[in-house]
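Working notes, beginning with the structure itself.
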Amino acid sequence: MIMDNLITGQPYRFKDEQEQQTAPEDTPNVNEWTTKIGDSAKQEKYVKQGFLRKIKKHAKKIPFAKHAVAMYYCAIDANTPTSAKVIAIGALAYILLPIDLIPDFVLGIGYTDDAAAFWAAYRSISIHVTDAHTEMAEQWFAK
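Going by my numbering, the sequence shown wraps up at 356, each residue one higher than the last.
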């Protein structure tokens, strides 16, 4: 049985018949997920409009800022799989939210919840963050 990996998009094979019997019958539909969690186009527009502005304003306080900008470029890249885009846009939108688990203005710990959400997302899609995305982030910070 061959199924596509949701993150990499690469096919993988189950090793034996036992695994085939316990594996899910069909691959989850990412488009269904996006409609369940909200309008993905609306979330993407929200991120595109506010993300770079917020990062530029707070970059010195956010230790993961360069990685976040690279993930932003990954999220808007047409070659990035939809599943990775959904994860990236969700994490970047969380960074933008004015109200979150720990308010950003709390000195010393304000960005810890943002960092946790970001790094969890980044680790799951990092194979899609290319050298080109990282280079674009470097160029953006050099401006």
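Here a beta-carbon is modelled for each residue, glycine too, at the ideal position from N, C-alpha and C.
- Length of the line joining the Cα atoms of P237 and S296: In this prediction, P237 has a pLDDT of 45, which is less than 50 and means its spatial position is unreliable; nothing more can be read from the coordinates.
- Item | Sequence-distant residues of the same chain with beta carbon closer than 8 Å to K363, five excluded per side | Any property of residue 363 remains undetermined from this structure, which presents the chain solely from 214 to 356.
- Coarse secondary structure for I275, derived from DSSP in three states: coil
- Unbroken alpha helix (DSSP H) run spanning I340, endpoints: Careful: I340 lies outside any alpha helix (DSSP H) and carries neither H nor E.
- How many angstroms separate the CA atom of A304 from the CA atom of A330? 6 Å
- Message: Tell me the DSSP secondary structure of D290 in three-state form.
- Response: coil
- Give a yes or no on whether the C-beta atoms belonging to I350 and V260 are separated by under 7 Å. Note that residue 350 is Ala in the sequence shown here, rather than Ile. Not in contact: A350 and V260 (Cβ atoms no closer than 7 Å).
- Message: Within 10 Å of its beta-carbon, does T293 have 16 or more other beta-carbons around it, so buried, or fewer, so exposed?
- Response: buried
- Query: Is the shortest distance between the beta-carbon of S337 and the beta-carbons of chain C less than 7 Å?
  - Reply: Reference to chain C is not applicable here, since this structure consists of a single protein chain.
- Message: So I338 and A301 are supposed to be a Cβ contact under 8 Å. How far apart are they, rounded?
- Response: 6 Å
- Query: Do you know how far the Cα of H280 is from the Cα of A288?
  - Reply: 12 Å
- Query: So, helix, strand or coil for K380, using DSSP?
  - Reply: Outside the displayed range of the chain (214 to 356) lies residue 380, so it cannot be described from this structure.
- Contact check, D327 vs I308, beta carbons under 7 Å: yes
- Whole angstroms is fine: what's the gap from T325's alpha carbon to Q262's? 23 Å
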